[in-house]
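Each residue of the sequence shown is one higher than the last, beginning at 405 in our numbering. Backbone N, C-alpha and C define an ideal beta-carbon position, used for all residues, glycine too.
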Amino acid sequence: MRFPRILLILFFLFCTESLFSEFPFKPVSPYPSEYSQFWFLYQNEKRLGEEEQIYRPFFSYYRETKSNYKYRTFLFPIFYSEQTDYWRVWSFLFFATGTETFHDDQGWDEDTLSPLLIWGKGDTARESYFGFFPFYGRLRSKLSYAELNFTLFPMYTNWKYKTYNAHSVLWPIFLYGSSDVRSEFRLFPFFSRKVHKGKYERYSLLWPFFQWGETFQDKREPASYWMFWPFYLSKDSAYGNLKVRSFLWFPILGALFSYGYDKRTQEMDWNALFFLFQYGRNDDEDYRKMIFFPFYGYYRFAYKETRFLTPFYFRLSSDTYHIKSSETYLIPFWWRTNRTYVQWGREENYYKLWPLFRWHEDRDGNLTCNLLSLFPLKSEIVERIWDPVWSIVEYQRLSNGEKRLSLLMRLYTQRWSKEEFHVHIPFLVEYSSTPEKTSYQFLYGFFGVEKDREKTTVQILWWIKI
Numbered sequence: 405m406r407f408p409r410i411l412l413i414l415f416f417l418f419c420t421e422s423l424f425s426e427f428p429f430k431p432v433s434p435y436p437s438e439y440s441q442f443w444f445l446y447q448n449e450k451r452l453g454e455e456e457q458i459y460r461p462f463f464s465y466y467r468e469t470k471s472n473y474k475y476r477t478f479l480f481p482i483f484y485s486e487q488t489d490y491w492r493v494w495s496f497l498f499f500a501t502g503t504e505t506f507h508d509d510q511g512w513d514e515d516t517l518s519p520l521l522i523w524g525k526g527d528t529a530r531e532s533y534f535g536f537f538p539f540y541g542r543l544r545s546k547l548s549y550a551e552l553n554f555t556l557f558p559m560y561t562n563w564k565y566k567t568y569n570a571h572s573v574l575w576p577i578f579l580y581g582s583s584d585v586r587s588e589f590r591l592f593p594f595f596s597r598k599v600h601k602g603k604y605e606r607y608s609l610l611w612p613f614f615q616w617g618e619t620f621q622d623k624r625e626p627a628s629y630w631m632f633w634p635f636y637l638s639k640d641s642a643y644g645n646l647k648v649r650s651f652l653w654f655p656i657l658g659a660l661f662s663y664g665y666d667k668r669t670q671e672m673d674w675n676a677l678f679f680l681f682q683y684g685r686n687d688d689e690d691y692r693k694m695i696f697f698p699f700y701g702y703y704r705f706a707y708k709e710t711r712f713l714t715p716f717y718f719r720l721s722s723d724t725y726h727i728k729s730s731e732t733y734l735i736p737f738w739w740r741t742n743r744t745y746v747q748w749g750r751e752e753n754y755y756k757l758w759p760l761f762r763w764h765e766d767r768d769g770n771l772t773c774n775l776l777s778l779f780p781l782k783s784e785i786v787e788r789i790w791d792p793v794w795s796i797v798e799y800q801r802l803s804n805g806e807k808r809l810s811l812l813m814r815l816y817t818q819r820w821s822k823e824e825f826h827v828h829i830p831f832l833v834e835y836s837s838t839p840e841k842t843s844y845q846f847l848y849g850f851f852g853v854e855k856d857r858e859k860t861t862v863q864i865l866w867w868i869k870i
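Structure, rendered in structure tokens:
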């Protein structure tokens, strides 16, 4: 009965970005910046303790010197990497990933994971592994196993966890595993037996048609189950507090009709027509569910809440001691996010009317506004790299007091603060006015004038100064 709840929780997590980020990926300090740009293709910014370069849309680089944190992208989201002196992470299309971690006593260990090629290394040969799926592989401390080996998968597979050691031939047809407290045997699909002493016993005959067993043996009230698939499934606890019945049950779809209750937690669940009609409640865990798919749905578990109208409109919210958030999606046209960081007393707001408009005020006090914003999802990294390529208007109000305005893919850009004013027009004009000096350049130095408190300098033909 908890499977739909798990799916909704996963949906909440995948449809929202990470609530906290330990390191920024752009300059956020309140100090004045040294800034230069060429059209939308290049920008360089330095602040005290921070440096950023973007060769748009190909490459970007950011460094924060206090922690020596570095963030790089190449045609993001094709490739990105981030690192400090103690760890490194990289990803290629989120398809192949790598991690490296530094340990004071053992040095660096490295792990690389992709669908076919897997390898890693540590301080000793014991910590090194390699795999080229499906031909051969030996993995250590991965996928929750101490060791996982395969040769011509699925011909032979072996895995170990603590004292448990399992072997499989023509997986999943034949499997045998054992330890002091666990044993497992499978001859698929005829018979399987899986036992963990004091925790559970699971059996199947002609899988998936006949399945039975006992779970929660280490709890106060064990439960037993029995299934004649797909027609009938039952689950009952030893003292009758838990009861579940399902009729005509299929994976993912659920049951044509099912109901269940748990007297200990006051939980009750009803499902009809598979996943189309769902109702559930649990007062102890503050759990509520009411779904008439695809027209309406409401789900709450602890401090998270989800509502939807049709498969296109969603509203998500959470309320904890650390953060309060509210998010609204009308897929793919409207995205709204509000987050309040309670302990910091800061707030973040994000609005996107795709593909016309984006407004983002982050928790550091930086405001960014764009016309157009063609990427249909919320991703500050993608938007920072790609939006200037096609923007009509850009406006930024930064935490260091500076403001920036750009028009028509940065054919015109001006930056200003209380004391400075700058204009960038690619190929034509660079103008800068600061308390120290005023300068003007035409064609990047073909002709220019620079005036400070002591003198005026005229530049001709790029290298002649008078």
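Quick check: what's the CA-CA separation for S495 versus N562? 28 Å
I'd like the span of the alpha helix (DSSP H) that includes R788, first residue to last. Counted as a single uninterrupted DSSP element, the alpha helix (DSSP H) harbouring R788 occupies residues 784 to 794.
Going straight from the alpha carbon of I522 to that of W763, what length do you get? 41 Å
Give the range of the beta strand (DSSP E) segment to which I458 is assigned. 454 to 459
How far does the beta strand (DSSP E) with I727 in it reach, from first residue to last? 727 to 734
Any idea what DSSP makes of S471, helix, strand or coil? coil
Flag this pair as touching only if the stretch 487 to 501 and the stretch 836 to 855 have three or more C-beta atom pairs under 8 Å; answer yes or no. no
Taking the C-alpha atoms as reference points, what is the distance between L657 and Y725? 36 Å
Output the boundary residues of the beta strand (DSSP E) element that contains F578. Run containing F578: 578 to 582, per the beta strand (DSSP E) assignment.
Where does A570 fall in DSSP's three states? strand
Cut-off 6 Å between Cβ atoms - residues of its own chain near S583, not counting five sequence neighbours on either side: The residues T567, Y568, in chain order, have a CB closer than 6 Å to that of S583 in the same chain once the five nearest residues on each side in sequence are set aside.
What does a CB cutoff of less than 6 Å around Y691 pick up in its chain, not counting 5 residues either side in sequence? F705
How many angstroms separate the CA atom of S650 from the CA atom of E689? 23 Å
From I870, W790, I796, residue whose alpha carbon lies closest to that of S464: W790
Rounded to whole angstroms, how far is the Cβ of S803 from the Cβ of D856, which I believe are closer than 8 Å? With 8 Å as the limit, S803 and D856 do not qualify as a contact, their Cβ atoms being about 29 Å apart.
Just to confirm before moving on: does the CB-CB distance between Y745 and S722 stay below 7 Å? For the 7 Å CB-CB criterion, Y745 and S722 do not form a contact.
Who does R872 pair with in a DSSP beta bridge? Missing from the structure shown is residue 872; the chain here goes from 405 to 870 and no further.
Starting from the Cα of S662, find the closest Cα among W866, R668, F825, D673 and give me that residue. D673
Near G701, what residues of its chain come up, given a Cβ to Cβ distance below 6 Å and the 5 sequence neighbours on each side ignored? Result list for G701: I695, F712, in chain order.
Excluding the 5 residues preceding and the 5 following F534 in the sequence, name in chain order all residues of the same chain whose CB lies nearer than 6 Å to its CB. W523
Same chain, Cβ closer than 6 Å to S440, five either side skipped, listed in chain order: N448
With the cut-off set at 7 Å, would you say W616 and Y607 are in Cβ contact? Yes, the Cβ-Cβ distance between W616 and Y607 is below 7 Å.
Looking only at its own chain, which residues have a Cβ that is under 7 Å from the Cβ of W630, when we skip the five neighbours before and after it? W616, S638, listed in sequence order.
Cα-Cα separation between N753 and D766, rounded to whole angstroms: 6 Å
To the nearest whole angstrom, what separates the beta carbons of E468 and P428, a pair I think is in contact under 8 Å? 7 Å
Span separating the alpha-carbon of V432 from that of L771: 11 Å
Residues near F418 in its chain [Cβ-Cβ closer than 7 Å; skip 5 each side]: At F418, the pLDDT of 40 sits below 50, so the modelled position is not reliable; the number obtained from the coordinates is stated separately. No residues qualify anywhere along the chain.
Comparing alpha-carbon positions, which option in R808, Y665, P759 lies nearest E787? Ranking R808, Y665, P759 by Cα distance to E787 puts P759 first.
Nearest neighbour of P715, chosen from I727, S729, E731, P736 [CA to CA]: Residue P736 is the option with its Cα nearest to P715.
Alpha carbon to alpha carbon, how far is W866 from E834? Rounded to the nearest angstrom, the two C-alpha atoms are 13 Å apart.
Which residues does DSSP list as the beta-bridge partners of G524? D515, Y533
Sort out for me which residues DSSP pairs Q645 with in a bridge. One point to set straight first is that residue 645 is Asn, not Gln, in the sequence displayed. None, per the DSSP bridge assignment.
Rounded C-alpha distance that separates R719 from T732: 4 Å
Can you give the Cα-Cα distance for L660 and F483, rounded to whole angstroms? 45 Å
Residues bridged to E834 by DSSP? H828, Q845
So, at 6 Å on beta carbons, what are the nonlocal neighbours of R801 in its own chain, with the 5 sequence-adjacent residues on each side left out? L771, K807
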